[in-house]
Amino acid sequence: MAATPTATAESTSRTIGQVPETWRQSLLLSRYQFRDYLRSRRFILMMAIVVAIGAIISFILAYFHGTTTIAGLTSSSDAFYGSFWGGGAYVVIIFAGIIFGGDAIAGEFQNKTGYFLMGLPIRRAAVYVGKFLASLGASIAAMVVYLVILVGNGAVYLGTGFFPFALVESFAIALLYLLALLGAVFLFSSMFKNSLYAVLVVAILFLFGFTILQDLIVALVKIEPWFIIDYARVTIAYPFDATLPPHIATTTTMGPRGTRITTTTYSPTYPEGLAIMAGYFIFTAIAGLFLFEREEFT
Amino acid sequence: MSAGLSLEAVGLTKRFNSFTALDHLNLKVEGSKCLGFLGPNGAGKTTTLKMFTDLIFPSEGEAFINGVSVQRDRKRALSVVGDLIESPEIYGSLSPREALEMSGALRGMRSEEIRARTKVVLEEVKMSEWTDQRFGRFSKGMKQRVNIAAALLSDPEVLILDEPSTGLDPRGMAEVRSIVRSLKSEHRLIFMSSHILSEVVDVCDEVALIDHGRLLFYDTLENVSTRLNANASSVELSFVRPISEETIASQIRPIPGVTTALLVGPQRARLIISGGPETQAQVLERIAGARLGLVSFEPSTSALEELYLREISKGD
Ligand SMILES: Nc1ncnc2c1ncn2[C@@H]1O[C@H](COP(=O)(O)OP(=O)(O)OP(=O)(O)O)[C@@H](O)[C@H]1O
Ligand SMILES: [Mg+2]
């Protein structure tokens, strides 16, 4: 309790309750938000998406098992998880981010639920962080379900080494990617007071917008696209790679009429990939909160 | 003991682009009382209350609750406040019990307190039987009732209510009125916006009137009638059968003490009686004795209404 000179005003007050500290309020709020997510249709939708992806993978594995088509995939745990987790987890993460975060802030304005919360003695930061934690929790739940489906398949096809340490490492990087993505999703959600816009912009950007942007930048401007979150995404698969791709690779091919075409491909180094994600998270979280603090409930 | 209870607006101004919704409002309300905040549509009432609850930010000026600036320390300023602004929505998957539990927990109430108060306030708004149903399917009026319950949950010493009876059926409106009346207590300041004059007359002690973002007056309800017509009281009479203008002219207007007598409906008349309660009693006895079919008389809200209309028309 802070010993402020106005402590007397509180002691004579009839109002029940000593308002908790901001971090406690965030945790409290996240609990109710999370409960709301668990009961919502969107949670069922998300789980349906994850289970559908998992079912397709399981089916393909079972169907082509023993054929040369997928022999490479089940040859080692690195190959297996490198493809399905390293190359697929981001799809689950992006869907989760959109579904659990897209309207998190925008919805408070649009659905007027914000009026219920913001009339309470609570800082906006507590609301922002509380909602972020709830979205994070719900998204992690989706990731875990996907992981369990993969590990289940791994147990069938990989034998004893079905749970490699690289998977733990990769899961941790995926969490970092989730943080960065949710940070960005919350930023866009604070930018628009309309949930639909927020969800649309986030979906377009993360599902293909960033990829196109990255390709354009590399092709036209010919610089390393370190400022685009998609670029860092491949890092999730690095724990499964024996050798990492070269940071900059230049290939020259012969074009028509004897012209030479030089193509440069960039891949982030391991620390660079992590730094990009962390940077995205920090920047978007601060910017989003900054916007939310200044937004009016008109 | 109402030390420390206060709401104060200092030069409070809100501009939306070039439009001034609230123009340098200076208002200080102190002590245990109910202030009716009146004004026509678009006057700036909600705008004012939103700045008192930090939902929007002033272009100029500051709002204080018990001396604490809402703009500088919203958490402390709002810790003593229960508010209801613009009929909020509550997460559809939560029940009233859970919504109140969340609200109480965020306010730092202990779980036993929350449980006990939840029961009390939901009973008060007549929503007990819906305690564990989810919000998703509630009607507008039912939601508003729970919102009122949420505002009352912590038994706050300051209540900021923006047209609390909107969206309610006539019985609901009457219930809200009686809830607000019952809330007036030794240590509570109620700031309630409304454009229903009778509601304000019914429950409030003081009125502030704003229009076009400017404060027109702030005074006690008693002074409102005095302001208009010193030492006069206004009464509305109802009759069982229609009465004519002639009857009024011949039988009512001549009664000593009656300064004005107007027909305001086929079976209704409004009187302004000068003189004290004695004169008023004599006038009413004479009318009752005249066998015109008088069924009721009640103090009319017309003093406030007249002042309201007069002040508002000045601005146009
Ligand atoms: N976000 C906004 N942008 C522009 N103008 C606004 C905005 N919000 C309110 N206004 C204007 O400010 C003025 C005051 O609005 P306010 O909601 O405070 O009125 P009110 O007194 O509460 O009216 P009512 O009785 O209809 O509820 C109105 O003219 C309104 O159009
Ligand atoms: Mg209003």
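Those protein sequences? They're chains Z and A, same order as listed. Residue numbers for the first sequence follow this note's numbering, so the first one is 1 and each next one is one higher. Residue numbers for the second sequence follow this note's numbering, so the first one is 1001 and each next one is one higher. By construction, the Cβ of each residue, glycine as well, lies at the ideal position given by its N, Cα and C atoms. Note that this is a predicted model, so its numbers are computed, not measured.
{"query": "So that I know if they touch, is there some Cβ in chain A lying closer than 8 Å to that of arginine 42 of chain Z?", "result": "no"}
{"query": "With proline 268 of chain Z and alanine 232 of chain Z assumed to form a contact (beta carbons below 8 Å), what rounded beta-carbon distance in angstroms separates them?", "result": "6 Å"}
{"query": "Give a yes or no on whether 8 Å exceeds the smallest Cβ distance from phenylalanine 1052 of chain A to chain Z.", "result": "no"}
{"query": "Taking the alpha-carbon of isoleucine 248 of chain Z as reference, which of Z:Ile236, Z:Thr22, Z:Arg257 and Z:Thr263 has the nearest alpha-carbon?", "result": "Z:Thr263"}
{"query": "Would you say serine 1103 of chain A lies against chain Z (beta-carbon separation less than 8 Å)?", "result": "yes"}
{"query": "Under 8 Å, Cβ to Cβ, is there at least one residue of chain A near phenylalanine 132 of chain Z?", "result": "no"}
{"query": "Any residues whose CB sits closer than 6 Å to a heavy atom of ligand 1? List them in chain order?", "result": "Z:Thr298, A:Phe1016, A:Phe1019, A:Ala1021, A:Gly1039, A:Asn1041, A:Gly1042, A:Ala1043, A:Gly1044, A:Lys1045, A:Thr1046, A:Thr1047 and A:His1195"}
{"query": "How should isoleucine 1243 of chain A be labelled, buried or exposed, when 16 other C-beta atoms within 10 angstroms of its C-beta is the threshold for buried?", "result": "buried"}
{"query": "Please confirm whether any heavy atom of ligand 2 lies closer than 7 Å to the CB of aspartate 1073 of chain A.", "result": "no"}
{"query": "Which residues in chain A have a C-beta closer than 8 Å to the C-beta of phenylalanine 116 of chain Z? List them in chain order.", "result": "Pro1088, Glu1089, Ile1090, Ala1099, Ser1103, Asn1147 and Ala1150"}
{"query": "Pull out every residue of the segment 1064-1086 of chain A whose Cβ sits closer than 9 Å to any Cβ of chain Z, in chain order.", "result": "Asn1066, Gly1067, Val1068, Arg1074, Lys1075, Arg1076, Ala1077, Leu1078, Ser1079, Val1080, Val1081, Gly1082, Asp1083, Leu1084, Ile1085 and Glu1086"}
{"query": "Within the chosen definition, does the segment 278-297 of chain Z reach the segment 251-260 of chain Z through at least 3 CB pairs nearer than 8 Å?", "result": "no"}
{"query": "List the residues of chain Z whose Cβ lies closer than 8 Å to the Cβ of serine 1154 of chain A, in chain order.", "result": "Thr15, Ile16 and Gly17"}
{"query": "Is there a Cβ of chain Z sitting closer than 8 Å to that of isoleucine 1056 of chain A, yes or no?", "result": "yes"}
{"query": "Taking Cβ positions, are alanine 237 of chain Z and glycine 17 of chain Z nearer each other than 8 Å?", "result": "no"}
{"query": "Which residues in the same chain have their Cβ closer than 6 Å to the Cβ of phenylalanine 1037 of chain A, if we skip the five residues on either side of it in sequence?", "result": "Lys1045, Ser1193 and Ala1208"}
{"query": "For my contact list, glycine 273 of chain Z and valine 234 of chain Z are in at a C-beta cut-off of 8 Å; report their separation, rounded to the angstrom.", "result": "7 Å"}
{"query": "Do the CB positions of glycine 1213 of chain A and leucine 1022 of chain A come within less than 8 Å of each other?", "result": "yes"}
{"query": "Nearest to lysine 1184 of chain A by alpha carbon, out of A:Ile1273, A:Thr1013 and A:Asp1205?", "result": "A:Asp1205"}
{"query": "Counting Cβ pairs closer than 8 Å, one from the segment 176-185 of chain Z and one from the segment 274-288 of chain Z, do we hit at least three?", "result": "yes"}
{"query": "Is glutamate 295 of chain Z near ligand 2, with its Cβ less than 7 Å from a heavy atom?", "result": "no"}
{"query": "Can you tell me where the alpha helix (DSSP H) holding glycine 107 of chain Z begins and where it ends?", "result": "106-110"}
{"query": "For asparagine 194 of chain Z and chain A, any beta-carbon pair shorter than 8 Å?", "result": "no"}
{"query": "Curious, which full-length alpha helix (DSSP H) runs of at least 4 residues does the segment 121-170 of chain Z contain?", "result": "124-157"}
{"query": "Between methionine 1001 of chain A and the rest of its own chain, which residues show a CB-CB distance below 8 Å, the 5 nearest in sequence each way excluded?", "result": "Since pLDDT at methionine 1001 of chain A reaches only 40, below the 50 mark, its modelled position is unreliable, and no value is offered."}
{"query": "If you count every other CB in all the chains shown that lies within 10 Å of the CB of aspartate 36 of chain Z, and 16 or more means buried, which is it?", "result": "buried"}
{"query": "Would a C-beta distance cut-off of 8 Å place threonine 1048 of chain A and leucine 1084 of chain A closer than the cut-off?", "result": "no"}
{"query": "Tell me which same chain residues have a C-beta within less than 6 Å of the C-beta of valine 1240 of chain A, skipping the five on either side of it?", "result": "Gly1293 and Val1295"}
{"query": "What does the Cβ neighbour count give for arginine 1291 of chain A, buried or exposed, with the cut at 16 atoms within 10 Å?", "result": "exposed"}
{"query": "Going along chain A, which residues have a C-beta under 7 Å from aspartate 36 of chain Z?", "result": "Tyr1091, Ser1093 and Leu1094"}
{"query": "Of the choices A:Asp1054, A:Val1121, A:Ser1154 and A:Leu1094, whose alpha-carbon is the least far from that of tyrosine 115 of chain Z?", "result": "A:Asp1054"}
{"query": "Under the assumption that aspartate 1132 of chain A contacts serine 1095 of chain A (Cβ atoms under 8 Å), give the Cβ distance between them as a whole number of angstroms.", "result": "5 Å"}
{"query": "Report the rounded CA-to-CA distance for methionine 47 of chain Z versus glycine 101 of chain Z, giving the unit in angstroms.", "result": "15 Å"}
{"query": "Look up tyrosine 266 of chain Z in the DSSP assignment and give the residues it is bridged to.", "result": "Z:Ile248"}
{"query": "Does DSSP put isoleucine 1160 of chain A in a helix, in a strand, or in coil?", "result": "strand"}
{"query": "To the nearest angstrom, how far is it from the Cα of glycine 183 of chain Z to the Cα of lysine 131 of chain Z?", "result": "11 Å"}
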